Amino acid sequence: MNRYKVVKQLGDGTYGTVWKAIHRQTNEVVAIKKMKRKFYSWEECMNLREVKSLRKLNHPCIVKLKEVIRENDELFFVFEYLECNIYQIIKDRDKFVPESRIRNWCYQIFQGLAYIHKHGFFHRDMKPENLLVNKDTVKVGDFGLAREIRSRPPYTDYVSTRWYRAPEVLLRSEYYSAPIDNFAMGAIMAELYTLRPLFPGSSEPDEIYKICSVLGTPTAQTWPEGLKLASAMNFRFPQFSATSLSKIITNASPEALDLIQSLIHWDPNKRPTAVQALQHPYFAVGVRPVISSNSPMNTDRLNSAAAAAAGNKDSTSVEDRNGMRGPKQWAETAPPRQDSLYLSDLEGIGGGGGGG
């Protein structure tokens, strides 16, 4: 870590603290996330959910993980640096964001989500703070709660910030999946237009109340599974008629309202996928295509290091500024100077980072 000079703290979350830092030799600005818990082996690091997802994701719309460092039993992620997040933009604005900019941002976010879902993960914590921005570029970050779609439920740990939490999660469904990310995106889209959260619940029951006040009370026709979930909890939905989104989001085009309405559907099976959202008429004009990287990802070095670490847990390693070698090679080429492990120059591996 002595290669980096910390400039300031960017954020402090449940699992880690994020700093803005500068590489002392190259002057490159990066975001460094320090995990709060201790990691006593490289194998333990590789089992971390965030690392598992970042190893497999490489896309222009996902924040890039540049380096992973384990030093003195502390774990650091080094990410590309982006200037701010969408929450900060919303909070600091005193006038509406132009729809053309919202459209471009959402197009990029849905491309990132489509890639994440295609490669077998769902994010589980989509919110404005986790969408990092540099001028007209936006990227999905922070994969600390990400899960594999094929992983076995039930999911019992905390998922997503309340205001962006899908109703099936609020009602304790054990079988939620990628549609919860798309529900969150509907709420985020609405907030980009109004600069106010669409469902600002003060508690989980109040969150359902807020959703009902917009969508109307679910019925056996609109969401039969939801009624079963509520019944299992002895929960009674508050009675509301649906409110037209055009009365809530007065500055959005009809196409935007239609897409948002479909994304926040009660029934997860009736929400569009990220790929379907990209095909919506809302994106028919005025978006910048993002070229997806379909080339093989440079994960071989990361995977080989993980395998080597699993077989040689007590090995130590030294910094290699020209690339990454496994623990055995490190031991052969130089004596260990400290109990640290560097994964240097991991080009092409995406990940979360930035401000939270």
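Heads up: the sequence shown runs through residues 1 to 356, numbered per full-length UniProt numbering.
Where a beta carbon is used, it is the ideal one built from N, C-alpha and C, also for glycine.
Treat the numbers as computed from the prediction; the structure is a model and nothing was measured.
Mind checking whether Leu131 and Ile86 have CB atoms under 8 Å apart? Against a cut-off of 8 Å, the Cβ pair of Ile86 and Leu131 comes out as a contact.
Exposure of Ile260, with buried meaning 16 or more beta-carbon neighbours within 10 Å: Classification for Ile260: buried.
Tell me whether Leu302 sits in a helix, a strand or coil according to DSSP, three-state version. With a pLDDT of 39 at Leu302, under the threshold of 50, the predicted position of this residue should be treated as unreliable, and no value is reported.
How many angstroms separate the CA atom of Asn322 from the CA atom of Arg3? Confidence at Asn322 is low in this model, with a pLDDT of 29, below 50, so the placement of that residue should be treated as unreliable; the coordinate-derived value is given next. Approximately 14 Å, taken between the alpha carbons.
With a threshold of 6 Å on Cβ separation, who are the neighbours of Pro281 within its own chain once the five nearest residues in sequence on each side are excluded? Same-chain partners within the cutoff: Glu255.
With a CB to CB cut of under 8 Å and the five nearest residues on each side skipped, what residues in its chain are close to Thr17? Correct list, in chain order: Gln9, Gly11, Lys33, Lys34 and Lys36.
Hey, Thr211 and Phe199: beta-carbon distance below 8 Å or not? Per the sequence shown, the amino acid found at residue 211 is Ile instead of Thr. Their beta carbons are under 8 Å apart, which means Ile211 touches Phe199 by this criterion.
For Val6, which residues of its own chain have a beta-carbon under 8 Å away from its beta-carbon, when the five flanking residues on both sides are left out? Counting only Cβ-Cβ distances below 8 Å, and skipping sequence neighbours, we find Trp19, Lys20, Ala21 and Ile32.
Within 8 Å, do at least three Cβ pairs link the region 92 to 103 to the region 35 to 55? No contact exists between the region 35 to 55 and the region 92 to 103.
With C-beta atoms as the reference, is Val51 less than 8 Å away from Ile89? No, the pair does not count as a contact, with Cβ atoms beyond the cut-off.
Considering only the alpha carbon of each residue, which of Ser202, Ile248 and Ile149 lies closest to Val214? Nearest neighbour of Val214 by Cα position, chosen from Ser202, Ile248 and Ile149, turns out to be Ile248.
Short check: CB of Arg172 to CB of Gly286, under 8 Å? It is not a contact, given that the beta carbons lie outside the stated cut-off.
Roughly how many whole angstroms lie between the Cα atoms of Phe121 and Ala230? Across the structure, Phe121 and Ala230 are spaced so that their CA atoms are roughly 27 Å apart.
Do you know whose CA, among Tyr40, Glu148, Ser253 and Asp136, lies nearest Ile109's CA? Ile109 has its Cα closest to that of Asp136, out of Tyr40, Glu148, Ser253 and Asp136.
Strand pairing of Gln9, partner residues [DSSP]: Partner(s): Trp19.
What is the C-beta distance between Tyr164 and Lys127, in whole angstroms, given that I count them as a contact (C-beta under 8 Å)? Sure, about 5 Å apart at Cβ, within 8 Å.
Give a yes or no on whether the C-beta atoms belonging to His117 and Ala274 are separated by under 8 Å. For His117 and Ala274, yes; Cβs fall inside 8 Å.
Measuring alpha carbon to alpha carbon, tell me which residue in Trp105, Cys106, Phe77 and Gly186 is nearest Pro268. Looking at the Cα atoms, Gly186 is the closest of the given residues.
Where Arg24 falls, given that 16 or more other Cβ within 10 Å makes a residue buried: Classification of Arg24: exposed, given that the 10 Å Cβ count is below 16.
Kindly identify the DSSP beta-bridge partner or partners of Thr137. Its beta-bridge partners are Asn134.
With H, G and I counted as helix, E and B as strand and the rest as coil, what does DSSP make of Asn322? Residue placement at Asn322 is flagged as unreliable, the pLDDT there being 29, under the threshold of 50; the coordinate-derived value follows with that caveat. Coil, per DSSP.
Check Phe143 in the structure and name its three-state DSSP category. If DSSP states are grouped into helix, strand and coil, Phe143 belongs with coil.
May I ask you to report which of helix, strand or coil DSSP gives Glu74? DSSP, reduced to helix, strand and coil, places Glu74 within a strand of the structure shown.
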